[in-house]
């Protein structure tokens, strides 16, 4: 595991699931200092990340290729 990263570990599991890129702390919209974005779904070549903290600026899109290595790990579980 990488020091300072967040992981999800199932009891009895041999290896943890690293939550990055599924949970991201980023610079926030104009009206706040930071916000947290969560993976919501894949839409074609992009991934939808959402924040529950801010209204009109609560969504962003990422290239799905960033998530491909992690999706592979999830599919094999």
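Residue numbers (this note's numbering): 11 to 87. Note that the Cβ used here is the ideal one computed from N, Cα and C, for glycine as well.
Give me whichever residues DSSP pairs with residue 63 in a beta bridge. Looking up residue 63 in the chain shown gives position 53. According to DSSP, residue 63 bridges with nothing at all.
Taking one C-beta from the stretch 68-77 and one from the stretch 16-29 each time, how about it: are there three or more such pairs within less than 8 Å? no
Quick one: what does DSSP say residue 75 is sitting in, helix, strand or coil? By 1-based counting over the chain shown, the position of residue 75 is 65. Helix.
Apply the 10 Å Cβ neighbour rule to residue 45 and answer buried if 16 or more other Cβ atoms are within range, or exposed otherwise. Numbered from its first residue, the chain shown carries residue 45 at position 35. So residue 45 counts as buried.
Nearest CA to the CA of residue 31: which residue from 40, 15, 24? Looking up residue 31 in the chain shown gives position 21. It is 15.
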